[in-house]
Structure formats: structure tokens, C-alpha cells
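In what follows, a single structure is set out as C-alpha cells and then discussed.
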Amino acid sequence: MDLRLLKAEDVPALKPFFERGAPPLSVYSLSALVLWNECINDTLFAVAGESVLLVESPKEDPSKRRLLLPVGGQVPSPAGLRRLAVEAACREIRYIPQPFVEAAGLAALEEHFCLAEQPDYQDYVYLRTDLAELPGRPYAKKRNLVRQFERDHEARGAVRVLDLMKENANLCLECLEEWRSSQEASAPILDCERKAIGAALAGFDRLGLRGIMVEVDGRVQGFGIASRLSADTGVLHFEKASARVKGLYQILDRECARRIFDGATYVNKESDMGDAGLARAKNSYHPIQKVKAYRLGLKP
7 MDLRLLKAED VPALKPFFER GAPPLSVYSL SALVLWNECI NDTLFAVAGE SVLLVESPKE
67 DPSKRRLLLP VGGQVPSPAG LRRLAVEAAC REIRYIPQPF VEAAGLAALE EHFCLAEQPD
127 YQDYVYLRTD LAELPGRPYA KKRNLVRQFE RDHEARGAVR VLDLMKENAN LCLECLEEWR
187 SSQEASAPIL DCERKAIGAA LAGFDRLGLR GIMVEVDGRV QGFGIASRLS ADTGVLHFEK
247 ASARVKGLYQ ILDRECARRI FDGATYVNKE SDMGDAGLAR AKNSYHPIQK VKAYRLGLKP
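Using our numbering, read the sequence shown as starting at 7 and increasing by one per residue.
What follows is the structure in C-alpha cells.
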């Protein structure tokens, strides 16, 4: 299998495969695969007929590389998936979305694999209209924070919501550094995230990204960056805002839903990566669905 490292310049050739049908987990966003590449893991790919084959190779130990679901072609059977894993020299397949497990059936999967959940990679999916309108009692606290922001800032004409473009993307970097300085501790994942956001801002158009920024008193205080996962679902990859501006996160979230995801039915806000605080924040917006992820270990 002729695998090579995924690069931003591969996006135009690979985009049609992903548009035909990416699995319903945010890790299968082509933009995200490019942006997070060459950090903790390398993402390798090969085109095989109607499908793109994807392999995740840990930098610390490339011998432990694992296969992902093929993208673009017919969904393989459990036996076919095992054959692909063997050909790619992988002993494990990761980020298997719940719908695949349900369609294949546990009995068929367990003939070839040991199955286990990946709870840290479960995606949170919302109705776009819920995020855009904040309707009803469940969102009362969010609406109160929005109103406070509007009273404190919008009422005096201090707020601008701007489309994020390659021409103004650099304005988000100062906001990002301020956000990072507010974190209690550094971690490899935060360094990777900064690299990924920098790559997103530098390659905004080429990667098919959309975004907005929120200015308060002439300074960018928050921004969101997203892409499309499927015809009806967008993915909010990055959302950063100053914690010092009360209600800003709620405004940013609402405006992302209104402006970036027009035409989409659902917004995928990715997983919580096992972070309890992040899980609480994502649950506070009342997801309509949580898409579980599984890993499959090859049986001898």
C-alpha cells in the first residue's frame, strides 16, 4: 500500500472523496485531518479506487499505527476492513462511528475484532437552530448572558462581528495568545492546537474554512473557525474568546450558528477529549445527539 503524508496541497484532489460521504465523526473532516497533522500523530493516505485510505501513525512509535475508516467509496464489510488493516500493517482501527457499528452488527464485527468504545472521541451534535435562537427554558441562562453582553457592549456601539478571511486572519493571533496565557497550565495538546489554528489562519481559503471574529472596542476578542463535514452538517473546529468579557462566548456561539452554518441542519462541536470541564460546557448547550466512537483491535 503506497501511503504518503497528508499535506494541504492534497486537499483539492481529495475533496471529492470526502464530499461523496465522510463518516459522521469530526475527525473525518478533511480540513481537521490536515490541520492536526504532524503533531502528536502523522496522517498518511492512499487513494484506492473510489476510496481514500487513512492511517494514523504516532510520532512516538510509528509501529503502532492504526487504520481509519475509508472515505468516499462503498463502506467495507468487517472482513473487508480487516483485510485493509492487514495490508496497511495496522493492528487496530480507530474512530469507528456508531452508525457503522450498528449497520455491521456486533456479531459480524466480533468475528474479526475486539470492540471497545473511545469515549474521549464521542462527538456532540446540535440543531443549528437551537444554537442560533437559544429557544425555551433550557437556554434561559445563555439568553441572560447574551442580553448582558448586549447591554454592556452592543448598546454603546462597541461590537462588530466580521467574516474571517485570509486578509484579516492574522488579527486572531493576538486573541489566541491572550487565551493561551489565561490557561492554568501548558500541555502538548495546547501546543498542537496553537499550531493547528495557525495553519488554519494561514491556509483559510485553500482548506475551505469559514469563520467569524468578534471585535469589542476595536480589538478582536473572540473567533470561530469551521468547515463542512457533510451536506447537512458543519463542524466548529475552533472557538476562542476572552473570558474577561462576560457573555462573549455565548454571543460567539450564537453568531457562528447564524453566520457560518447557514444552510446546515446540524452543528458538530467535536468531542471533549476526556476533559470534564469541556464536557460540561458542551452538555450545557443540549446536544440533540452524541455520536459514539469505537476502536477495533484485530483478533489473531
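Just so it is clear, CB atoms sit at the ideal spot from N, CA and C, and this is done for glycine as well.
Spatial distance of residue i from residue j (CA atoms)
| i | j | result |
| --- | --- | --- |
| Glu261 | Glu116 | 44 Å |
| Arg166 | Ser236 | 30 Å |
| Leu254 | Glu123 | 35 Å |
| Gly62 | Glu160 | Contrary to the premise, residue 62 reads as Glu rather than Gly in this sequence. Taking the straight line joining both Cα atoms gives about 45 Å. |
| Pro194 | Ser57 | 32 Å |
| Arg73 | Gly79 | Just to set this straight, residue 73 is Leu in the shown sequence, not Arg. Cα to Cα, the separation comes out at about 16 Å. |
| Val226 | Leu182 | 10 Å |
| Pro144 | Asp136 | 10 Å |
| Leu121 | Arg250 | 44 Å |
| Gly228 | Leu196 | 17 Å |
| Arg264 | Pro84 | 40 Å |
| Phe244 | Pro293 | 18 Å |
| Phe210 | Leu179 | 14 Å |
| Leu12 | Gly214 | 16 Å |
| Ile257 | Val220 | 9 Å |
| Ile99 | Tyr300 | 9 Å |
Nearest candidate by alpha-carbon position, reference residue i, set the options
| i | options | result |
| --- | --- | --- |
| Phe119 | Glu139, Arg134, Phe106, Arg97 | Arg97 |
| Lys275 | Leu20, Leu179, Arg234 | Arg234 |
| Arg212 | Arg149, Leu36, Gln128 | Leu36 |
| Val53 | Phe267, Glu108, Ala94 | Ala94 |
| Ala110 | Pro125, Ser63, Gly86, Gly230 | Gly86 |
| Thr4 | Val131, Ile99, Phe24, Arg10 | The displayed coordinates of the chain run from 7 to 306. Any statement about residue 4 would go beyond what the structure contains. |
| Lys147 | Leu302, Lys252, Ala263 | Lys252 |
| Gln104 | Arg301, Val297, Leu302, Phe244 | Val297 |
| Ala287 | Leu121, Arg149, Asp278 | Asp278 |
| Gly27 | Lys70, Glu66, Val81, Leu12 | Val81 |
| Arg71 | Val273, Arg264, Ala14, Asn47 | Asn47 |
| Val33 | Ala14, Leu75, Val220, Cys198 | Leu75 |
| Trp5 | Glu139, Arg100, Leu302, Ser248 | Outside the shown range of the chain (7 to 306) lies residue 5, about which nothing can therefore be said. |
| Ala138 | Tyr300, Tyr291, Pro306 | Tyr291 |
| Phe51 | Ser69, Ala299, Leu20 | Leu20 |
| Ala206 | Leu12, Leu41, Lys13 | Leu41 |
| Glu199 | Arg10, Glu44, Glu25 | Glu44 |
| Leu304 | Ala38, Thr49, Leu90 | Leu90 |
Burial state of residue i, where buried means 16 or more other Cβ atoms lie within 10 Å
| i | result |
| --- | --- |
| Val92 | exposed |
| Asp8 | exposed |
| Pro30 | buried |
| Leu112 | exposed |
| Lys246 | buried |
| Gly230 | buried |
| Asp129 | buried |
| Gly311 | Absent from the model: residue 311. The displayed extent of the chain is 7 to 306, so no value can be given. |
| Arg134 | buried |
Cross-strand partners of residue i (DSSP beta bridge)
| i | result |
| --- | --- |
| Glu221 | Arg166, Val226 |
| Ile102 | Tyr300 |
| Gly240 | Arg234, Val273 |
| Val40 | Answer is none; Val40 lacks a bridge partner. |
| Leu133 | Tyr272 |
| Asp48 | Ser63 |
| Val120 | Here residue 120 is Cys; the residue named in the question, Val, does not match the sequence. According to DSSP, which records beta bridges pairwise, Cys120 is partnered with Gly303. |
| Lys246 | Phe229 |
Residue i: CB within 7 Å of a non-hydrogen atom of the ligand ZN
| i | result |
| --- | --- |
| Phe119 | For the ligand ZN, the structure offers nothing, since it holds no ligand at all. |
Nearest-angstrom beta carbon gap, residue j and residue i [assumed within contact, 8 Å]
| i | j | result |
| --- | --- | --- |
| Ile218 | Asp169 | 6 Å |
| Val222 | Ala175 | Actually they do not touch by this definition, with Cβ atoms about 18 Å apart. |
| Val77 | Phe23 | 5 Å |
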